[in-house]
Structures are given as C-alpha cells and as structure tokens.
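According to the working numbering, the sequence shown is numbered sequentially starting from 1229.
Glycine included, C-beta positions come from ideal geometry on N, C-alpha and C.
The structure presented is a predicted model; accordingly, all values stated were derived computationally and were not measured.
The block underneath contains the structure these notes are about, expressed in structure tokens.
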Amino acid sequence: MKKIPFTSPAGILLFIVLPLAIILAVSGIRLDLTREKRYTLSESTVKTLESVKKPIMIDVYLDGDFPADFKQLQSETKFMLENFRKVNSDVDFRFIDPIKTNIPKDTLLSRGIYPSVLDDRKSGKTSQIEIYPYALIRAGKTKVTVPLVVEQNYADNAELLNKSIENLEYNFISKLKIATQESFKKIGVLVNQDELSPSEFQGFMNLALENYDAGPIIPKNQKELSLADVPLLKQMSALVIAKPRKAFTDNEKVILDQYIMNGGKTLWMIDAVNAEMDTLMRSEKLMPFPVDLNLTDFFFNYGIRINPALVKDVKKFAKLKFVAGEVAGNAQYSTQPWPYFPLGIAENEHPVTKNINPVKFEFPTSIDTLGGRKNIRTDVLFESSDRTSLKQVPDFVSLEEINSVDSLGQMEKPSPPRIFAVALQGKFTSAYASRIERKSYPGFRASSPENKMIVIADGDVARNKVVKGKPMPLGMDVLTQERFGNEQFLKNALDYLLDDSNLMELRNRNIEERLLDRYLINEERNYWQWFNLLLPLVIIGILGGLFFWVRKRRFR
C-alpha cells in the first residue's frame, strides 16, 4: 500500500489537523479566532472568578421557544457561563423556562424580573410570546438579579440584542462580584448646602444602595464641615455633592481638598444658575440668576470652570408637556420641544455613557476644560449639539419661547457645542499646596494617589419628580411618560468612580454585527433548503463512485 507523504495536503490533514481537532474536542480547549476576541474572558473577569470561594448557582430564565434573535442571546450567555465554570468550578448555571416551571409572577416581580412581550413571526403569521430575559445569581442567602437586555430606546431588535451581547460579561461579572463580596463600599451624601430634599433624591439613593452602603454626611457642628468630620469622611470611598445651593466656606474647601488628596472619589452635580421649572409652570415666566458657590478656584485647580450661562440646544432636546387650553372644562395638553432641557446622547465610547438611554438635563450650564492639567486626563461625557446657544443671566425665561425655539433672544448668542459633564482621572494636586491654609489641616497632603472625579453642570440630573408626596423613578418624565437614562448614567458614574478591578472597561467591548440579509433569506429560502438537502447526497455519491472506480482499477 502506498504511503501518504507527511508534507502532502492529505498528510497535513491526517497527521496535524485531525489530531489537533480531536485533542481540542476532548480537552475542551477553545480557540478564539474572532478579531474582537468576543469569546475570551478579560483578565479582570478571570481574577474576579478566581476570587470566588463559595458555591454560586446562576439561574438563567432564558429557556423555551422564542425568536432567533433571543436564541443567539441564549447561546452567547451559555457559552460565557461555560467559560466562567471552566475558570472556577464553584460557579455553576442552569437554564430555566419560568413559564413551563410555573414560577409565580409575583415571585419574579419581587426579584426585579419583568416580562417582555415579543412579536413572533413564523410562516407569515404573527403571535405574541412572553419571555423573561434575566438571570438570578444565588450565593448562599444572597440573590442578585442580572438583566440580560440593555435598556435603550429607539433601537431595533437586532441593534438592541447586539448591545446586550456586548454587555453580557460586564453585567454578569459585576453582579457576581456584588453577590460574593463580604462588605460594601461606603458612599457619603453631603447634607449641609441646601441640597436636594430626601424625597427628590430618593431615586438616586435607591440605585446607590443596590451596590453600596450609602448614607448622609451631616456636619457635627450643624454649620459646616470641620476637622471633627474628617474621621467619618475617611470611611467614605466616595462623596456625592448634589445641587448645593449654599456657598462653601474656605474651611470646607480645605476639608474637601484633603478628602480628595487622600484618595476619596467625588461626584459633583452643580447648578451655576438658579432656574426652577416649577416656578416657570406656575407663572409662565422666571428670572434665572447666577449662583456663587465659592467653588471657582476649587475647580480651576482641576482644569475646569463651570459657566453661569444657560445652555439651549435646538437639535437634541426633551419635550415639554403643558396645559395649552381648556375645552368644556377639560384641560388640553400640548407637547412641544423645550431647548432648555437638552439631551445628553453618548457620542463616544466612554464606559460611563455607552449603551444607555439619552440623559435629560434641566436648565444646565456648561463646563470649560481650560486646556487640561498635568497628570490629569479629562474625558467629555456629554456635550450639546452644533445648534447651541448661550443665554446670559439674569434674563427672563418664558414659556412663550416654545413658539420660537430657533430664534435668538436679546441676551443670547450662538455657541459651539458646550460640555455638560466630564470625568477627571489621574494624580491630583492640592489647591492649597503652596498656601497658608495647609497648616490648618493635620497631616496635609500636597498630592493624591491615582484618583477619579466626575463633574456635571446640572444639579437636577439626579432629581426625581415627586407626585402627591410619592417619589417617581429617577429619569421618568411624569407628563410625557418617557423614561430617560439618568438612572443608568449615575449608576455607571458610581461604578466608574469605585471600580478597583477595571471591570468598567468591559463596557467598552465592541462586537461587530455580522448579520445575514433577511430579505435575501426569505427570497431564496427554498433554494437553500434544497441545496442543503441534496448537496451532502451528491458529495456522498461522488465519493462512493470515486472509491468504487479506484478499487476496480487497482484490482483489475
């Protein structure tokens, strides 16, 4: 019998490719040949999985009969969890059909698991099916819900599912970390500068308490932050300052400066102009005026300045619903564009803003970056469109401006895009490093370790509406019933500030869509069905005939 040369195509197939395929199949090793490495776990994910020391069970409520798009989400989820289990055998999972297993709806709802109703089109017929695209991580008595589908308005199913697949690894590993950690990081909310009321801040507190231990920071002397408050501040991993309306004293700024120099993270939501929508709706006109919080030199040290001028955007804006008249005693509502409520729409790949709904700002001002500072990286999170104007204050704002949103008022001027929010990262330098105030703080530090800060030029971004004494969900417009991405934005902001494991970088993962042409599939469905049915038979017939011919010729 003739020997097959090792270097021949048949030899390479027989001696290299085939044994390699068998070894990979038996060992379970997988090779990720995709350009974006979509099937390879990140280093931070592997470290988090390796740190898990107790059994974890993940129930995935994504089993049953549903459209092909969700079948893809199911297979991607299964593949990822299999990789989790390979890294750590204590992590296990199972797929459950909550409808077939008769899990009560009340039980699912109590865990934050809500149904999605989808149109299922088969053979020209449309029907509706109910699915629950969630997972539940069980770690002892701890249960954490994982949403498998991102919340994003105005996206079709294909785009939504692709964004959800991009976020799978981050969603699972961040929730798994929460389920297994022994203690939670502490977040302090400053309560001293006439900030938002508890009911107006309830939505933010709810989202903060999901992953962290959050509570108020009230000065011990009931007047201002002092050295007596430093021990409590040192326990806080982050400090939130939401819409202060009373100026900070110089002593308070030193306290805050040293909190930052000692590694404390800060989230600032600042109104540089006083303009309240409630006043405008009552009187149809208001007079905004600048608010001096005595923070200009403080922020200047970090290379930013908050300008006391209202930003109007006639391209990216939310709508305002108001009473326009009355018919037979019934109020008649009108919904019109309101340029004083610009929308923050992510136009970059920053992990804080990626794959979230538009964020609603109310009477925001703007931030100048002043060319940056040494050792500080400044990232723009949101900015206005190219059809922006600035309204200097004090000046009247009237509801009548709805009728002429494109027109410029007397104290308005066109402007290039203006920045609403920035993220600062790096080694910060104290504003008091060469000033006499440094002597008033024991153990003064002139610079910080690697640190982060987020500054937003709108104090209302974290403000939820209150209707009849009941706080509404954060980001919900009560009149238009539209849900904006404020909650997602602020949740991501906290996670970004307090992420010591670099898990937030997973939100930057991009997965290229490689979709088939659905129109062509429908047009050529029968052709490809017959092709796939007959092609194997033809190949088998040809190989059989060739084998018979070779055999007959050899033994003739």
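Inset, instruction - Give me the Cα-Cα distance between V1468 and W1496, rounded to the nearest whole angstrom. - result: When rounded, the distance between both Cα atoms is 6 angstroms.
Among P1622, P1375, V1378 and E1278, the one whose alpha carbon lies nearest that of K1513
Among P1622, P1375, V1378 and E1278, the Cα nearest to that of K1513 belongs to P1622.
- Item | Length of the line joining the Cα atoms of L1731 and T1593 | Each residue's Cα considered, the two are about 31 angstroms apart.
**Study point:** Euclidean distance between Cα positions of P1701 and V1587
**Key:** For the pair P1701 and V1587, the Cα-to-Cα distance works out to about 14 angstroms.
Express the C-alpha separation of R1313 and V1319 in angstroms, rounding to a whole number. V1319 and R1313: Cα-Cα distance of roughly 5 angstroms.
> Straight-line CA distance for Y1660 to E1733?
Replying inline: Their Cα atoms are separated by approximately 33 angstroms.
Practice task
Under the assumption that L1346 contacts P1295 (Cβ atoms under 8 angstroms), give the Cβ distance between them as a whole number of angstroms.
Solution key: The pair is a contact, with the Cβ atoms about 6 angstroms apart (cut-off 8 angstroms).
Between which two residues does the alpha helix (DSSP H) carrying L1609 extend? For L1609, there is no enclosing alpha helix (DSSP H); the residue is part of the beta strand (DSSP E) that begins and ends at I1604 to E1611.
*For L1460 and I1445, believed in contact at Cβ under 8 angstroms, the rounded distance*: Going by Cβ atoms, the distance from I1445 to L1460 rounds to 7 angstroms, so yes, they are a contact pair.
Problem set entry | Exposed unless 16 or more other CB atoms sit within 10 angstroms - verdict on K1405 | Taking all protein chains shown into account, K1405 has 16 or more neighbouring C-beta atoms within 10 Å of its C-beta and is therefore buried.
Is it true that the CB of R1605 sits closer than 7 angstroms to the CB of G1654? Yes, they are a contact pair.
Pick from N1479, L1548, K1306 and F1776: whose alpha carbon is nearest that of G1447?
-> According to the sequence shown, residue 1447 is Pro rather than Gly. Of the listed residues, the one whose Cα sits closest to P1447 is N1479.
inquiry  = Check for me: the beta strand (DSSP E) holding K1680 runs from which residue to which?
reply    = Note, K1680: beta strand (DSSP E), S1675 to I1684.
Original post:
What do you reckon, are the CB atoms on A1591 and Y1568 nearer than 7 angstroms?
Top reply: Note that residue 1591 is Phe in the sequence shown, not Ala. If you check the CB distance, F1591 and Y1568 come in under 7 angstroms.
* Asked: Measuring CB to CB, does I1684 end up less than 7 angstroms from A1649?
  -> Yes, the Cβ-Cβ distance between I1684 and A1649 is below 7 angstroms.
Query raised in the report: Which value, in whole angstroms, describes the spacing of the CA atoms of S1562 and Q1757?
Result: Approximately 54 angstroms between the Cα atoms of the pair.
Residue environment, I1362, which counts as buried when at least 16 other CB atoms sit within 10 Å = It is Tyr, not Ile, that sits at residue 1362 in the sequence shown. Per the 10 Å Cβ criterion, buried.
| task | Give me the Cβ distance between V1378 and K1403, rounded to the nearest whole Å; I'm assuming they're in contact under 8 angstroms. | result | That belief does not hold up - the Cβ atoms of V1378 and K1403 are roughly 14 angstroms apart, past 8 angstroms.
| said: Looking at the strands, I want to know which residues DSSP matches up with R1691. | reply: Beta bridge pairing from DSSP links R1691 with no other residue.
query: Applying the criterion that 16 or more other CB atoms from any shown protein chain within 10 Å of the CB defines a buried residue, is I1401 buried or exposed?
result: Within a 10 Å sphere around the beta-carbon of I1401 sit 16 or more other beta-carbons, which makes this residue buried.
Under 8 angstroms Cβ to Cβ from R1779, same chain only, skipping five residues before and after it: list those, please. Hits under 8 angstroms: none found.
Fill in: alpha helix (DSSP H) segments (min. 4 residues) lying fully within the region 1512-1584
Entirely contained in the region 1512-1584, the alpha helix (DSSP H) runs reaching 4 residues are, in chain order, 1524-1528.
Given D1712, which residues of its chain have a CB within under 8 angstroms of its CB, disregarding the five upstream and five downstream residues? The residue asked about is misnamed: residue 1712 is Phe in this sequence, not Asp. Here F1712 has A1546, L1571, N1585, P1586, V1587, K1588, G1703, M1704 and D1705 as same chain residues with Cβ atoms under 8 angstroms from its own Cβ, once five neighbours each way along the sequence are excluded.
When the Cα atoms are used, what is the spatial distance from W1777 to I1768?
Going by the C-alpha atoms only, they are around 14 angstroms apart.
Start and end of the beta strand (DSSP E) containing R1322? V1319 to F1323 is the extent of the beta strand (DSSP E) around R1322.
Checklist entry - Can you round the beta-carbon distance between M1489 and F1656 to whole angstroms, since I take them to be within the 8 angstroms contact cut? => result The pair is a contact, with the Cβ atoms about 7 angstroms apart (cut-off 8 angstroms).
Endpoints, the alpha helix (DSSP H) within which L1435 is located: Counting along the chain, the alpha helix (DSSP H) containing L1435 begins and ends at Q1430 to N1439.
Check: Distance, Cα to Cα, R1601 vs Q1463?
Finding: One C-alpha to the other measures close to 28 angstroms.
- Task: Could you spell out the range, first to last residue, of the beta strand (DSSP E) harbouring Y1362?
- Result: Run containing Y1362: Y1362 to A1367, per the beta strand (DSSP E) assignment.
Check: Which one or two residues does DSSP pair with N1502 in a beta bridge?
Finding: Paired residue(s): F1517.
Check: Just curious, the beta strand (DSSP E) that V1372 is in, first and last residue?
Finding: Unbroken beta strand (DSSP E) run through V1372: T1370 to P1375.
Q.
Helix, strand or coil, according to DSSP, for F1648 in the structure here?
A. Residue state, collapsed to three classes: strand.
What distance in whole Å lies between the Cβ atoms of L1725 and K1493, which are believed to be in contact at a cut-off of 8 angstroms?
-> Cβ-Cβ separation between K1493 and L1725: approximately 4 angstroms, consistent with a contact (criterion under 8 angstroms).
_For the alpha helix (DSSP H) containing A1835, name the first residue and the last one._
Nothing can be reported for residue 1835, as the shown portion of the chain is limited to 1229 through 1784.
Kindly identify the DSSP beta-bridge partner or partners of T1657. T1657 pairs with S1675.
Margin query: Looking at the secondary structure, which residues open and close the alpha helix (DSSP H) in which S1617 lies?
Written below: Not the alpha helix (DSSP H): S1617 falls in the beta strand (DSSP E), residues T1616 to Q1620.
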